[in-house]
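Trainee: In this note's numbering, the protein residues as written are 658 to 936.
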């Protein structure tokens, strides 16, 4: 499927299937320190692999809707698309919560992948070849000013993201999409092919994200010290070289501290999707 994406414009179901497959590849990837995978539930007492798979099945039809909205409104200004797709995003979240009995498995993934599917629809509507750079640039254009509107001008923080911005200036998923996934473009994409095996590529990408992503999930669970612990640990493994056993030991360390780099897991799924396209 990746080859058809690179060589021609796929139909909307191909884009949605590509996004859903990225979510599945992320959750099956093992071992993932602190995260749900095929070996254990990581630092989560309320989540497991079957729950994630049910969530992905519930999300997938809505990914098609994001693409369709982008394709229908490809002539509209990019800045208006975020409000256009928000009702679909909320409906997608409700489908997720229905499948998971109220557990938030993929809210961050819905936000970012919904934007990417919308961006893909717009670019195809404009008869432009899908590339990583164009997709990232279109997501940035659709979310221009989002951090300022929703975080900098927030007077009474309610959500975890708003509270972390007020306390630490962290912009989380909003900052990542507004930057056109700068963390991925800077710290993951240039190093993707350092590993020859696809599973090691994904695990290495996850380590790089844990090393450099200011993950708000980690700060919410363990404060800034929790974030620094994970970043320092990941950087040591990247510097010295790593094997699966090292990630299993890191998994034990994060579980003992109840730390889960969920923001990096979301970005890994996005990276897997975007790497299906030419630069």
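Just so it is clear, CB atoms sit at the ideal spot from N, CA and C, and this is done for glycine as well.
Predicted model, so just to flag it, every value in this text is computed and none were measured.
#1: Please list, in chain order, all residues of the same chain as residue 888 whose beta carbon is under 6 angstroms from its beta carbon, the five residues on each side excluded.
#2: Excluding the 5 residues preceding and the 5 following residue 765 in the sequence, name in chain order all residues of the same chain whose CB lies nearer than 6 angstroms to its CB.
#3: Does the count of Cβ pairs from the region 703-719 and the region 749-767 closer than 8 angstroms reach three?
#4: Can you tell which of 883, 881, 860 and 880 has its C-alpha closest to the C-alpha of residue 903?
#5: Quick check: the Cα distance between residue 805 and residue 832, rounded to an integer number of angstroms?
#6: Pick helix, strand or coil for residue 855, following the three-state DSSP scheme.
#7: Have a look at residue 661 and residue 933 and give me their C-alpha separation to the nearest angstrom.
#8: My assumption, with CB atoms under 8 angstroms, is that residue 943 sits in contact with residue 759. Please give the rounded CB distance.
#9: Return helix, strand or coil for residue 932, following the three-state DSSP convention.
#10: Compare the C-alpha of residue 671 against each of 785, 700 and 717 and name the closest.
#11: CB of residue 827 to nearest heavy atom of the ligand ATP: below 7 angstroms?
#12: My output table needs one value for residue 943: the three-state DSSP class, helix, strand or coil.
#13: Just mark residue 690 as buried or exposed, buried being the case when its beta carbon has 16 or more other beta carbons within 10 Å.
#14: Got a sec, what are the start and stop residues for the alpha helix (DSSP H) residue 722 sits in?
#15: Using beta-carbon positions only, say whether residue 873 and residue 818 come within less than 8 angstroms of one another.
#16: Between residue 895 and residue 913, what straight-line distance do the alpha-carbon atoms span, to the nearest angstrom?
#17: Please classify residue 828 as buried or exposed, where buried requires at least 16 other C-beta atoms within 10 Å of its C-beta.
#18: Are residue 916 and residue 862 touching if we call contact CB-CB under 8 angstroms?
#19: Helix, strand or coil: how does DSSP classify residue 918 here?
#20: Is residue 688 helix, strand or coil by DSSP?
#21: Does residue 720 pass the burial test, meaning 16 or more other C-beta atoms within 10 Å, or should it be called exposed?
#22: Look at the alpha carbon of residue 701 and the alpha carbon of residue 784, and state the distance between them as a whole number of angstroms.
Mentor: Reading it off the structure:
#1: The residues are 868.
#2: Cβ within range, chain order: 830 and 923.
#3: Look at the beta carbons and you see the region 703-719 touching the region 749-767: at least three pairs across the two are nearer than 8 angstroms.
#4: When only C-alpha atoms are compared, the closest one is 860.
#5: Rounded to whole angstroms, the gap between the alpha carbons of residue 805 and residue 832 is 10 angstroms.
#6: Residue state for residue 855 is assigned as helix, using DSSP reduced to three classes.
#7: For residue 661, the predicted model reports a pLDDT of 35, less than 50, meaning its position is unreliable; a value from the coordinates is still stated below. Roughly 9 angstroms between the two C-alpha positions.
#8: Limits of the chain in this structure are 658 at one end and 936 at the other, which puts residue 943 out of reach.
#9: Of the three classes helix, strand and coil, the one that applies to residue 932 here is coil, per DSSP.
#10: Ranking 785, 700 and 717 by Cα distance to residue 671 puts 717 first.
#11: Although the ligand ATP was asked about, the structure shown includes no ligands whatsoever.
#12: Residue 943 cannot be examined here, being either before or after the span of the chain that is shown, 658 to 936.
#13: It is buried - the Cβ of residue 690 has at least 16 other Cβ atoms within 10 Å.
#14: Start and end: 706-729.
#15: Yes, the Cβ-Cβ distance between residue 873 and residue 818 is below 8 angstroms.
#16: Distance between the alpha carbons of residue 895 and residue 913: 22 angstroms.
#17: A residue is called buried when at least 16 other Cβ atoms come within 10 angstroms of its Cβ; residue 828 meets this threshold and is buried.
#18: Not in contact: residue 916 and residue 862 (Cβ atoms no closer than 8 angstroms).
#19: Correct three-state label for residue 918: coil.
#20: Per DSSP, reduced to three states, the secondary structure at residue 688 is coil, with no helix or strand assignment.
#21: Its Cβ being crowded by 16 or more others within 10 Å, residue 720 is buried.
#22: Their Cα atoms are separated by approximately 43 angstroms.
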